[in-house]
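To keep things clear, I will list the structure first and then write my remarks on it.
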Amino acid sequence: MFCCVTILVIDGAALAEGGPELHGFASQGLVHTSDNKVYGNSTAGSLDFRELGLGGSWRPQPDWFFAAQLLSRRAGEAENGEPVLDYLLVDYSPFPQFSCRPGVSLGRIRNPFGLYNDSRDVAFSRPGIFLPQTVYLDKVRDLFLSMDGVQLHTDHRLGDHGVQFQLNLGQEHLDDDTARIMLGNAFAGSSESKGMTWVGRVLYDWNNRLQLGISAGRGVFTYDVQSLGLSQAEGDAKNLLFSAQYHAELWSLTAEYVQEELEAAGVMRFLPYASLQPTGWYVQADYRFFPSWEAFVRYEDGRADKHYRDKLGDSPIFYTRGWVTGLRWDLHSQWMLRLEYGLYDGGFILSNLDNQDPAAVVDHWNIFSALLAFRF
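Start counting the sequence shown at 40; every next residue gets the next number (the numbering used here).
Below you can see the structure in the form of structure tokens.
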């Protein structure tokens with residue numbers, strides 16, 4: 040499990056030379072909610088959650104590695120399925136035969152953040168149909184998803200112990216909805232990254248059973264709020280995430296906690312939400328009762344600010360608490376089916392692109408989702 044957390048640091052068994060390899064995946068989801076909208080008009084049943092990926096990799100020499108992937112993602116009003124370059128990188132690791140393997144990657148690289156950000160769009164790699172949204176908010180996924188730049192990494196193993204370090208430096212990718220999602224529908228405009236973003240992660244592994252990690256990142260972005268005639272307003276986003284995971288023979292336990300700082304500069308600093316400290320966490324237990332069957336239960340908690348009641352008020356859009364339970368059935372090594380049900384209070388995890396009227400967000404709601412996934 041530990042070595043699968045990242046797409047950039049490869050375990051020792053994969054270091055042999057080989058010809059080009061092709062890989063891909065596809066998933067289609069069905070979402071139904073009692074109230075509020077999740078990935079489309081889900082109160083009537085929505086099929087607007089879909090992922091398609093096609094990529095390739097090549098290791099001409101043990102110390103050189105090339106990889107690329109195209110991604111098409113349909114996610115309600117946030118993403119329309121247009122294909123994008125997910126990652127394109129070249130990696131050089133000069134000492135692949137040693138227990139300590141330093142290296143450097145160049146190109147468009149997924150950011151090493153938490154246990155799941157590297158492979159968050161591959162359904163087989165997620166702990167559920169959707170990632171725990173109180174930590175991995177899809178509505179602001181662009182803030183720390185990937186960047187064009189360089190990654191410095193090292194992977195050191197000593198007996199049953201392993202330590203993995205990764206640091207990304209470069210420029211992140213933001214779409215024009217970033218400011219609108221973060222600040223509200225009244226602030227439609229364009230967004231872009233400013234200067235250098237950095238994201239880093241340290242992961243400790245014991246015997247492929249216990250993983251402990253710390254991730255951190257910072258990015259600065261600018262936005263033009265056209266509706267208010269404002270130009271080049273500036274925002275600063277900082278994230279710190281703690282991760283822990285334990286695997287036994289039949290069960291696993293995972294927990295992550297994230298705290299953020301969001302600061303707006305210039306004229307935007309006078310807004311009540313110009314300085315926020317969002318927090319989020321979850322705890323999940325998985326049980327494998329048959330080789331191809333797995334069940335889980337998860338509790339999630341997220342807040343737009345740790346003092347949201349004093350700063351923002353009691354509106355449901357500023358918090359989320361919920362229970363989720365689900366089943367996973369691996370029909371074949373290439374096919375997977377998931378079914379899940381969740382009960383939520385609050386709408387902090389909801390996208391305001393799908394829910395454009397904050398006053399219409401319902402506090403108590405439930406969600407049923409199903410997903411069929413394929414990979415090769």
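The C-beta atom is built at its ideal place from N, Cα and C for all residues, glycine as well.
At the C-beta level, G256 and F152 come within 9 Å of one another. Per the DSSP secondary-structure output, M186 pairs in a beta bridge with I148, E211. Within the DSSP secondary-structure output, Y285 pairs in a beta bridge with L249, L292. Counting only the Cα atoms, L213 lies some 16 Å from N156. Comparing C-alpha distances from M235 to each of Y358, Q203, P355, A276 shows the shortest one belongs to A276.
Out of L69, G79, L93, H71, the CA that lies nearest to the CA of Q395 is found in G79. Looking from the CA of H371, the closest CA among R414, L292, L289 belongs to R414. At a Cβ-Cβ threshold of 9 Å, R112 and G57 do not count as neighbours.
In this structure, I356 sits near L389, with a CB-CB distance shorter than 9 Å.
Residue environment for V336: exposed (fewer than 16 other C-beta atoms within 10 angstroms of its C-beta). L176 sits away from V202, with the two beta carbons spaced by 9 Å or more. At a Cβ-Cβ threshold of 9 Å, E339 and P171 count as neighbours. Nearest C-alpha to Q250 among R327, V143, E295, D402: E295. With fewer than 16 other beta carbons inside 10 angstroms of its own, H403 counts as exposed.
Sequence-distant partners of V322 (beyond 5 residues in either direction) whose C-beta falls short of 6 Å from its own C-beta, in its chain, are A294, Y338. Judged by DSSP in its simplified three-state form, A324 adopts strand.
Cβ atoms of L93 and Q67 stay farther apart than 8 Å, at about 16 Å. The C-beta separation of D160 from L110 comes to about 6 Å, placing the pair in contact by the 8 Å criterion. One thing to note: F88 has its Cβ within 9 Å of the Cβ of L69.
Within the model, the alpha-carbon separation for F183 versus E211 is close to 7 Å. Check the Cα spacing between Y131 and each of P122, E121, G146: the tightest is with G146. Under DSSP, the beta-bridge partners assigned to T318 are Q298, R342.
When DSSP assignments are scanned along the segment 63-134, the uninterrupted stretches of beta strand (DSSP E) that are 3 or more residues long and fall wholly within it turn out to be 85-100, 103-114, 123-131. In this structure, the CA atom of E300 is about 15 Å from the CA atom of T173.
Burial check for P317: the Cβ neighbour count within 10 Å reaches 16 or more, so the residue is buried. Note: S230 is bridge-paired with Y262 in the DSSP secondary-structure output. In terms of Cα proximity to S331, the closest of D199, D187, W368 is W368. The Cβ atoms of G361 and D384 sit closer than 9 Å to each other.
Boundaries cannot be given for Y155, as no alpha helix (DSSP H) includes it and DSSP labels it neither H nor E. Counting other Cβ atoms within 10 Å of its Cβ, W320 reaches 16 or more and is therefore classed as buried. Cα atoms of R149 and G239: separation of roughly 11 Å, rounded to the nearest angstrom. Distance between S96 and G341, taken at the CA atoms: about 37 Å. Apart from the 5 residues on each side of it in sequence, L191 sits with its Cβ closer than 7 Å to the Cβ of V143, L206 in its chain, given in chain order. Note that the C-beta distance between A107 and E90 is not below 9 Å. Excluding residues up to 5 positions away in sequence, R112 lie with their Cβ nearer than 7 Å to the Cβ of E118 in the same chain.
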